[in-house]
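Notes follow once the structure below has been shown.
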Amino acid sequence: MQPASRRAFIQQATAFVAGALVASTEAAERGAIVDCHTHFYDPSRPEGVPWPAKDDAVLYRTVLPRNFLEQAAPLGVTQTVVVEASPRVEDNAWLLELAAANPAVVGVVGNLAPGTPQFAGLLKRFAANRRFRGIRINHDVLRTGLERPPFVADIGLIADLGLELDVNGGPETPADAARLAKKLPALTIVINHLANVDIAGGPPPENWLANMRAAAEHANMYCKVSALVEHARPNAAGRIPAEVDYYRPTLDAIWQAFGDDRLIYGSNWPVSDRFAPYRTVFAIVSDYVRGRGGAAAEKFFRSNARAAYRWPN
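Per my numbering, the sequence shown runs over residues 3 to 315.
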């Protein structure tokens with residue numbers, strides 16, 4: 003690269019990062035920006051990891067808080083709520099140990115199986131650690147469990163302990179999350195990844211929007227604005243769009259449904275690395291939120307997450 007070209011490249015890169023930071027300046031002044039959806043794991047542990055697979059060239063590597071901060075801290079993102087992707091019970095304990103050693107990890111969303119005989123005991127065990135903030139379940143588990151009293155009772159225990167429930171699934175997920183919220187109005191529910199809606203640059207699907215509106219009617223329902231690049235269509239050059247206008251119709255729709263007070267920032271890092279660098283993931287939502295003003299940015303990047311997950315100081 004010629005010196006002039008190198009200078010131009012550096013100037014462009016600097017401008018890109020600076021632009022991403024503008025939207026979050028007020029949020030950063032009031033407190034750290036929180037990424038509410040990351041995954042940490044270490045394949046070098048003696049027992050290995052159940053996910054990701056060894057043949058995954060992008061994800062099969064050691065991913066720890068320091069690796070996250072290398073990507074996120076230059077953008078002002080210095081805290082995270084980590085979501086356990088392993089079904090192994092003791093991997094919840096491993097994440098809590100990681101949180102104890104890394105102040106950047108403000109909360110852990112665990113992986114337990116409600117509706118099973120051991121659930122209540124395990125939940126109480128992990129809830130004794132104040133960094134344990136809830137659990138995540140998939141939509142199929144929610145859908146089949148809604149009519150099972152033991153399942154609903156276990157989910158009720160989550161609310162009783164002051165914890166929350168993350169739910170991950172497709173565009174039908176919010177409708178069933180709304181059904182659960184009606185049964186358990188004291189339960190805080192966080193829909194993951196915008197319910198994994200496909201993003202094509204235009205208006206979002208009507209069924210998804212109707213389901214999101216039904217979910218948003220419940221005051222304790224939140225939604226993570228995450229996994230955007232994972233569900234975007236590649237452009238003619240085979241690249242994932244990085245321009246905020248491509249995502250704007252979907253973002254406008256979710257803000258109209260939930261408003262400024264119940265939407266939360268999440269990256270889905272390192273899974274997002276398959277599609278775009280962290281700085282791109284952050285810049286898309288940062289550029290969008292900038293248009294909503296400093297108060298909205300502060301809510302999106304921190305205070306809404308604090309209201310949903312209630313991590314300790």
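Glycine included, every Cβ here is placed at the ideal spot set by N, Cα and C.
At the C-beta level, residue 172 and residue 197 come within 8 Å of one another. Out of 170, 132, 115 and 126, the CA that lies nearest to the CA of residue 154 is found in 115. Secondary structure note for residue 282: its alpha helix (DSSP H) is the uninterrupted segment 280-292. Counting C-beta pairs closer than 8 Å gives three or more between the stretch 134-146 and the stretch 159-170, which meets the contact rule. The three-state secondary structure of residue 172, taken from DSSP, is coil. In this structure the stretch 258-270 lies against the stretch 215-228, because at least three pairs of beta carbons, one per stretch, are closer than 8 Å.
Secondary structure remark: continuous beta strand (DSSP E) runs of at least 3 residues inside the stretch 50-106, in chain order: 79-85. In this structure, residue 110 places its C-beta atom within 8 Å of the C-beta atom of residue 86. Taking a contact to require three or more Cβ pairs closer than 8 Å, the stretch 118-134 and the stretch 62-82 do not qualify as touching. Using a C-beta cut-off of 8 Å, the stretch 90-98 makes no contact with the stretch 290-300, since fewer than three inter-stretch Cβ pairs fall below that distance.
Only residues of its own chain outside the window of five on either side were considered, and among them 244 have a CB closer than 6 Å to the CB of residue 282, listed in chain order. Cβ contact annotation for residue 185 (same chain, cutoff 7 Å, sequence separation greater than five): 154, in chain order.
Inside the stretch 194-248, DSSP marks whole beta strand (DSSP E) runs of 3 or more residues at positions 223-227, from first to last along the chain. Pairing residue 182 with residue 144 gives a Cβ-Cβ distance under 8 Å.
Sequence-distant partners of residue 177 (beyond 5 residues in either direction) whose C-beta falls short of 6 Å from its own C-beta, in its chain, are 213 and 216. Looking at the DSSP output, residue 146 bridges to nothing. For residue 128, the enclosing alpha helix (DSSP H) has its first and last residue at 121-129. By the beta-carbon neighbour count (other beta carbons within 10 angstroms, threshold 16), residue 315 is exposed. The criterion of a C-beta distance shorter than 8 Å is satisfied by residue 273 and residue 61. Inter-residue distance for residue 239 and residue 210 is about 28 Å (C-alpha atoms, whole angstroms).
Cβ atoms of residue 160 and residue 179 stay farther apart than 8 Å, at about 14 Å. The three-state secondary structure of residue 141, taken from DSSP, is helix. For residue 40, the three-state secondary structure derived from DSSP is strand. A residue is called buried when at least 16 other Cβ atoms come within 10 angstroms of its Cβ; residue 103 does not meet this threshold and is exposed. With a threshold of 16 other beta carbon atoms within 10 Å, residue 237 falls short and is exposed.
Counting C-beta atoms within 10 angstroms of its own C-beta, residue 46 has fewer than 16 neighbours from the protein chains shown and is therefore classed as exposed.
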